[in-house]
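**Q** The opening position of the sequence shown corresponds to residue 503 in this note's numbering, with each subsequent residue numbered one higher. We put the beta carbon where it would ideally sit given N, CA and C, even for glycine. Nothing here was measured: the structure is a model prediction, and the numbers come from that model.
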Amino acid sequence: PSPLVFVKGARYEKLMEAFGGVGVLARTPAELRNAMEEAIRSRKPTLINAVIDEKAGTESGRITSLNPSAKKKQ
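(1) What residues match up with residue 534 in a beta bridge as DSSP calls it?
(2) Pull up the distance between the alpha-carbon of residue 576 and that of residue 545, whole angstroms please.
(3) Could you tell me the boundaries of the alpha helix (DSSP H) in which residue 528 lies?
(4) From the DSSP output, read off the bridge partner residues of residue 549.
(5) Ignore the nearest five residues each way along the sequence and tell me which others in residue 527's own chain have a CB closer than 6 Å to its CB.
(6) For residue 558 and residue 529, what's the separation of their Cα atoms in angstroms?
Take a look at the structure:
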């Protein structure tokens, strides 16, 4: 897959752990809140792998949200 595409089920937080930071997987709003609190407490670089509903829409960071003609036809 392209390096610009997220891979479903990938454990991105493990990469941060490999470099000595904190990696946290969050699947629910409660887990996300706990992950954010842990990140602040740790005072270390932290990656929160927040799993979102793939049918919820385009994430705000994706540039195609600014250029509808660039979106893939479904």
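**A** Taking the structure as given:
(1) Paired residue(s): none; residue 534 is not in a bridge.
(2) Legend: pLDDT at residue 576 = 47, less than 50; position of this residue unreliable, no value from coordinates given.
(3) Here residue 528 belongs to no alpha helix (DSSP H); instead the beta strand (DSSP E) covers 524-528.
(4) According to DSSP, residue pairing for residue 549 in a beta bridge involves 525.
(5) For residue 527, the CB contacts under 6 Å within the same chain, skipping 5 residues up- and downstream, are 515, 551 in chain order.
(6) Rounded to whole angstroms, residue 558 to residue 529 spans 14 Å at the Cα level.
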